[in-house]
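Below: the structure, in structure tokens.
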Ligand SMILES: [Zn+2]
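In this note's numbering, the protein residues as written are 612 to 882.
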């Protein structure tokens with residue numbers, strides 16, 4: 612499933628090809644995504660694309676006729692290809708541009724979406740309005756997490772993965788961040804001190820930034836065959852390593868389920 616870094620890299624990959632371009636035609640080959648693609652997308656013919664923005668894992672295309680909201684779901688891929696390029700299975704949606712190119716959305720599992728909004732969806736749209744801050748902005752601080760977590764009984768791992776708290780901390784990133792910060796994933800969020808949040812927050816930012824930087828090396832892929840930067844191969848200390856040796860203290864890493872998600876930690880290094 613694409614995580615925030617993959618979506619940000621998708622944004623970086625498609626934005627230079629879309630910004631400043633005019634939509635000639637909107638082609639819907641199959642409306643049946645997570646929610647049906649609304650008829651109003653066809654009204655975007657003639658619209659000028661001014662900006663491609665990301666909010667959480669949503670891509671927001673700003674145009675002079677309103678906003679298009681895209682989500683990649685589990686398997687969605689975006690490519691910029693010549694309009695006449697061969698259409699393959701699951702190519703559900705095209706934004707065909709007047710310059711002969713098109714943005715093509717392929718989604719085999721159909722958990723993605725294409726939606727429209729008259730106003731900027733960030734504050735208004737039900738899918739976006741209640742989201743927590745972006746992790747790579749100044750709004751995401753240790754003081755914020757600390758105050759938001761007071762009296763919270765839930766585990767720190769579940770807490771930082773909650774999109775209403777902060778967006779974009781997926782399971783891998785939560786596992787790795789907590790290991791690096793030395794915080795036990797089951798510790799109650801409300802019992803984590805400000806000093807420990809001060810350690811955790813820069814680590815989360817660092818891990819996400821590194822993943823985006825790594826994905827940045829795949830930008831040309833958006834105009835090539837599969838349109839997917841793939842899962843960025845990163846150095847992982849704990850995720851996927853349950854039962855193996857901790858890279859720091861050599862004790863055996865524990866693996867548990869927390870909020871239905873695989874959670875790997877070192878009982879020696881994380882308290
Ligand atoms: Zn250890």
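All C-beta atoms in this analysis are idealised placements derived from N, C-alpha and C, irrespective of residue type, glycine included.
Residues that residue 647 bridges to, as DSSP identifies them: 643
Answer yes or no: do residue 706 and residue 714 have a C-beta to C-beta separation smaller than 7 Å? yes
Suppose contacts are defined by Cβ-Cβ distances below 7 Å. Is residue 718 in contact with residue 736 by that definition? no
Counting pairs of beta carbons, one from the stretch 663-674 and one from the stretch 620-632, are three or more of them closer than 8 Å? yes
Starting from residue 770, trace the beta strand (DSSP E) in both directions and tell me its first and last residue. Taken as a continuous stretch (DSSP letters only), residue 770 belongs to no beta strand (DSSP E), being part of the alpha helix (DSSP H) at 767-771.
Cβ neighbours of residue 711 in the same chain (closer than 7 Å, five flanking residues each side left out): 693 and 694
Boundaries of the beta strand (DSSP E) in which residue 712 is found, first to last residue: 712-718
Heavy atom of ligand 1 less than 6 Å from the Cβ of residue 713, yes or no? no
Residues around ligand 1, please: the condition is that the C-beta lies closer than 6 Å to some non-hydrogen atom of it. 857, 859, 860, 862, 877, 879 and 880
What did DSSP end up calling residue 836 once you bin it into helix, strand or coil? Residue confidence is low: residue 836 scores 49 on pLDDT, short of 50, so the model does not pin down where it sits. No coordinate-derived value is stated.
Spatial neighbours of residue 645 within its chain, please: CB distance less than 7 Å, with the 5 preceding and 5 following residues excluded, ordered by chain position. 684, 721, 722, 723 and 724
Return helix, strand or coil for residue 722, following the three-state DSSP convention. coil
Counting C-beta neighbours from all protein chains within 10 Å, is the total for residue 617 16 or more, i.e. buried, or is it exposed? buried
Pair within 7 Å by beta-carbon distance, residue 782 and residue 852: no
Local Cβ density within 10 Å of residue 730, reported as buried at 16 or more and exposed below that: exposed
What distance in whole Å lies between the Cβ atoms of residue 672 and residue 679, which are believed to be in contact at a cut-off of 8 Å? 4 Å
What distance in whole Å lies between the Cβ atoms of residue 635 and residue 709, which are believed to be in contact at a cut-off of 8 Å? 5 Å
Using the Cβ count rule (16 or more neighbours within 10 Å means buried), how would you classify residue 878? exposed
Can you tell which of 619, 880 and 649 has its C-alpha closest to the C-alpha of residue 790? 880
Would DSSP call residue 799 helix, strand or coil? strand
Given a threshold of 16 other Cβ atoms within 10 Å of its Cβ, counted over all protein chains shown, does residue 746 qualify as buried or as exposed? buried
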